[in-house]
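As structure tokens, the structure follows; a few thoughts come after it.
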Amino acid sequence: MKFKDYYEILGVPRNAAQDDVKHAYRRLARKYHPDVSKDPDAEARFKELGEAYTVLKDPEKRAAYDQMGSQWKTGQDFQPPPGWDAGFEFSGGDFGAGLGGDHSDFFEALFGRHAKAGQRAHMRAQGRDHHAKVLIDLADAYHGARRGISLRMPVLDAQGRVTMQERTLEVGIPKGIHAGQHLRLAGQGAPGLGGGAAGDLYLEIAFKPDPQFRADGRDVYVNLPLAPWEAALGAAVTAPTPEGEVQLTIPPGSAAGRLLRLKSRGIPGKPPGDLDVTLGIALPPADSDAARDAYRAMAKAFDFNPRAPKKG
Amino acid sequence: MSRTDMTLVQWPVVEEDLRLTLVELCQACSAEEEHVLAWVLEGVLEPAGASPQDWTFGGESLRRARLALRLSRDLEINPPGVALALDLLDEIAALRARLQRAGVD
Chain A
55 MKFKDYYEIL
65 GVPRNAAQDD
75 VKHAYRRLAR
85 KYHPDVSKDP
95 DAEARFKELG
105 EAYTVLKDPE
115 KRAAYDQMGS
125 QWKTGQDFQP
135 PPGWDAGFEF
145 SGGDFGAGLG
155 GDHSDFFEAL
165 FGRHAKAGQR
175 AHMRAQGRDH
185 HAKVLIDLAD
195 AYHGARRGIS
205 LRMPVLDAQG
215 RVTMQERTLE
225 VGIPKGIHAG
235 QHLRLAGQGA
245 PGLGGGAAGD
255 LYLEIAFKPD
265 PQFRADGRDV
275 YVNLPLAPWE
285 AALGAAVTAP
295 TPEGEVQLTI
305 PPGSAAGRLL
315 RLKSRGIPGK
325 PPGDLDVTLG
335 IALPPADSDA
345 ARDAYRAMAK
355 AFDFNPRAPK
365 KG
Chain B
35 MSRTDMTLVQ
45 WPVVEEDLRL
55 TLVELCQACS
65 AEEEHVLAWV
75 LEGVLEPAGA
85 SPQDWTFGGE
95 SLRRARLALR
105 LSRDLEINPP
115 GVALALDLLD
125 EIAALRARLQ
135 RAGVD
């Protein structure tokens with residue numbers, strides 16, 4: 055297990071006042087919040103910040119953590135000394151959302167077993183609703199699909215400890231679904247307490263990154279490169295779509311960036327999305343005498359200055 | 035609690051097929067009712083119906099309410115701040131979509 059320096063993570067000195075801890079957390083949390091930040095590491099950074107703040111904002115946990123001493127550095131191998139928290143009382147319960155399955159091993163080893171406090175009430179209650187994100191192919195949204203989905207969820211064992219349980223669900227992906235939408239799987243969330251009904255499971259749909267297509271809602275976008283003569287003279291070309299190739303007529307005089315909108319060729323639905331094809335022009339390489347001659351002939355044939363001031 | 039085998043059911047798409055009551059929305063987001071009430075007052079969520087007991091929320095409210103909850107909990111923002119943040123995030127998303135449409139992403 056690796057030591058985590060919670061002071062370093064929040065960028066505050068070990069003697070920082072509680073208010074400084076709070077402000078440092080807020081400032082960094084705004085910067086790395088996954089809903090706000092575009093930073094690719096945002097989610098990991100944010101989790102780390104949350105964990106650091108959970109410990110340092112709570113005077114009891116902070117005092118216990120401080121007791122470990124200041125000689126430890128982030129990433130060092132670490133085992134909590136036996137009885138490290140003797141003499142400390144934890145009020146427990148306040149571990150933010152969920153069951154704490156998101157915390158690092160380091161955090162779990164120090165504070166994890168206190169998480170059970172307040173979680174076990176002897177009453178009848180509906181189980182919590184759970185959320186998970188699933189990645190599907192864009193083609194699945196066009197045709198519908200059947201997908202096996204592996205989920206890990208934190209559960210409390212008989213001793214009240216948090217463990218991760220893995221399970222697999224077969225889920226029907228309905229045709230027409232798109233990124234950001236949710237499926238509700240009734241009764242597939244956390245089990246109820248004392249005979250209460252199980253909670254529901256919400257699956258948020260996201261598309262796997264695709265080298266060719268991008269989607270926004272039901273609209274789908276693709277770039278289509280053309281040879282200069284195809285763009286200039288017009289052509290019949292084959293264009294890729296998520297449901298296979300289509301024949302496309304390129305009008306003569308098409309400039310780079312021209313948009314051909316294929317109505318209702320986006321993700322199906324009511325109304326269906328469109329497929330927007332953005333034309334690009336690719337230049338053949340001048341890598342042989344014949345090719346260079348062809349370019350020279352073009353230069354001679356055109357009185358063409360692409361940098362000439364625009365008229366009007 | 036092994037539930038690995040289940041026959042294939044067509045589950046509803048929240049945004050297309052469902053409207054949620056106040057209780058369902060709170061349960062789905064693990065949010066307190068008072069938070070949802072405050073967000074409705076600030077216009078973050080717009081339910082149909084006259085009183086909280088009759089309210090139904092469109093399926094897209096699920097995403098908004100979860101986002102509102104995360105922002106208010108993680109960044110310690112009050113409801114007017116959450117409303118402002120959501121408006122700005124919506125605007126950024128719309129602008130990004132326009133950039134993408136223009137092929138400049």
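Those protein sequence lines, which keep their order, are chains A and B.
This note's numbering applies: residue 55 is where the first sequence begins, and numbers increase by one.
This note's numbering applies: residue 35 is where the second sequence begins, and numbers increase by one.
Heads up, the beta-carbon is just placed ideally off N, CA and C, and yes, glycines get one too.
Source: prediction; values computed, not measured.
Under the three-state DSSP convention, the category residue i falls into
i, result
"Phe-149 of chain A", "Unreliable positioning characterises Phe-149 of chain A in this predicted model, as indicated by a pLDDT of 38, which lies under 50. A coordinate reading is not provided."
"Glu-110 of chain B", "coil"
"Val-90 of chain A", "coil"
"His-197 of chain A", "helix"
"Pro-282 of chain A", "helix"
"Gly-172 of chain A", "Legend: pLDDT at Gly-172 of chain A = 44, less than 50; position of this residue unreliable, no value from coordinates given."
"Ile-190 of chain A", "strand"
"Met-122 of chain A", "coil"
"Lys-364 of chain A", "coil"
"Arg-99 of chain A", "helix"
"His-232 of chain A", "coil"
"Gly-155 of chain A", "Legend: pLDDT at Gly-155 of chain A = 48, less than 50; position of this residue unreliable, no value from coordinates given."
"Leu-54 of chain B", "strand"
"Phe-160 of chain A", "helix"
"Pro-326 of chain A", "coil"
"Asp-124 of chain B", "helix"
"Ala-71 of chain A", "coil"
"Arg-319 of chain A", "coil"
"Lys-378 of chain A", "Lying outside 55 to 366, the shown extent of chain A, residue 378 of chain A is not represented and no answer is given."
"Leu-134 of chain B", "For the sequence presented, residue 134 of chain B should be read as Gln rather than Leu. In the structure shown, Gln-134 of chain B sits in a helix (DSSP, three-state: H, G or I)."
"Leu-337 of chain A", "coil"
"Leu-103 of chain B", "helix"
Residues near residue i by beta carbon distance below 8 Å, same chain, minus five either side
i, result
"Asn-112 of chain B", "Ser-106"
"Gln-235 of chain A", "Glu-258, Ile-259"
"Glu-66 of chain B", "Cys-60"
"Ala-310 of chain A", "Ala-285, Leu-333, Gly-334, Ile-335"
Beta-carbon contacts of residue i that lie in its chain and below 7 Å, excluding the five residues immediately before and after
i, result
"Leu-202 of chain A", "Per the sequence presented here, residue 202 of chain A reads as Gly, with Leu not at that position. Here the set comprises Thr-222, Glu-224."
"Pro-114 of chain B", "Glu-76"
"Gln-301 of chain A", "Ala-290, Thr-292"
"Gly-243 of chain A", "Gly-181, Arg-182, Asp-183, His-184, Ala-252, Gly-253, Asp-254, Leu-255"
"Thr-295 of chain A", "Arg-319, Leu-329"
"Leu-52 of chain B", "Pro-46, Gly-93"
"Phe-91 of chain B", "Arg-53, Leu-54, Leu-59, Leu-79, Pro-81"
"Ser-158 of chain A", "Lys-58, Glu-105"
"Arg-272 of chain A", "His-232, Gly-320, Ile-321, Gly-323, Pro-326, Gly-327"
"Gln-266 of chain A", "Val-276, Pro-294"
Cross-strand partners of residue i (DSSP beta bridge)
i, result
"Gly-202 of chain A", "A:Glu-224"
"Glu-299 of chain A", "A:Pro-294"
"Asp-131 of chain A", "A:Lys-56"
"Ala-289 of chain A", "A:Ile-304"
"Val-276 of chain A", "A:Phe-267, A:Val-331"
"Met-218 of chain A", "A:Pro-208"
"Val-47 of chain B", "A:Leu-237"
"His-185 of chain A", "A:Tyr-256"
"Leu-82 of chain A", "Per DSSP, none; premise fails for Leu-82 of chain A."
"Ala-179 of chain A", "A:Leu-247"
"Leu-313 of chain A", "A:Thr-332"
"Phe-358 of chain A", "For Phe-358 of chain A, which the question treats as bridged, DSSP gives no partner whatsoever."
"Phe-261 of chain A", "A:Ile-190"
Whole-number beta carbon distance between residue j and residue i, since they are thought to touch under 8 Å
i, j, result
"Arg-238 of chain A", "Trp-45 of chain B", "6 Å"
"Ala-286 of chain A", "Gly-307 of chain A", "7 Å"
"Ala-233 of chain A", "Ala-269 of chain A", "6 Å"
"Gly-323 of chain A", "Gly-230 of chain A", "4 Å"
"Val-70 of chain B", "Ala-117 of chain B", "Wrong, their Cβ atoms sit about 13 Å apart, outside the cutoff."
"Leu-192 of chain A", "Asp-112 of chain A", "Actually they do not touch by this definition, with Cβ atoms about 45 Å apart."
"Ala-83 of chain A", "Leu-103 of chain A", "6 Å"
"Pro-305 of chain A", "Gly-288 of chain A", "6 Å"
Own chain residues within Cβ distance below 6 Å of residue i, not counting five before or after
i, result
"Ala-96 of chain A", "Tyr-86, Pro-88"
"Ala-240 of chain A", "Asp-254"
"Glu-297 of chain A", "Tyr-196"
"Arg-200 of chain A", "Gly-226"
"Leu-316 of chain A", "Leu-329"
"Tyr-107 of chain A", "Tyr-79"
"Gly-150 of chain A", "In this prediction, Gly-150 of chain A has a pLDDT of 38, which is less than 50 and means its spatial position is unreliable; nothing more can be read from the coordinates."
"Trp-89 of chain B", "Leu-56, Pro-81, Gly-83"
"Phe-160 of chain A", "Met-55, Lys-58"
"Ala-175 of chain A", "For Ala-175 of chain A, the pLDDT reaches just 47, beneath the cut-off of 50, and the residue's location in the model is therefore unreliable, leaving the point undetermined."
"Val-48 of chain B", "Gly-93, Leu-96"
"Glu-220 of chain A", "Arg-206"
"Tyr-60 of chain A", "Ala-106, Val-109, Leu-110"
Proximity test, residue i beta-carbon vs the ligand COA heavy atom, cut-off 6 Å
i, result
"Glu-299 of chain A", "The model depicted lacks the ligand COA and carries no ligand whatsoever."
*Can you check the segment 58-100 of chain B for any alpha helix (DSSP H) of at least 4 residues that lies completely inside it and give the ranges in chain order?*
67-75
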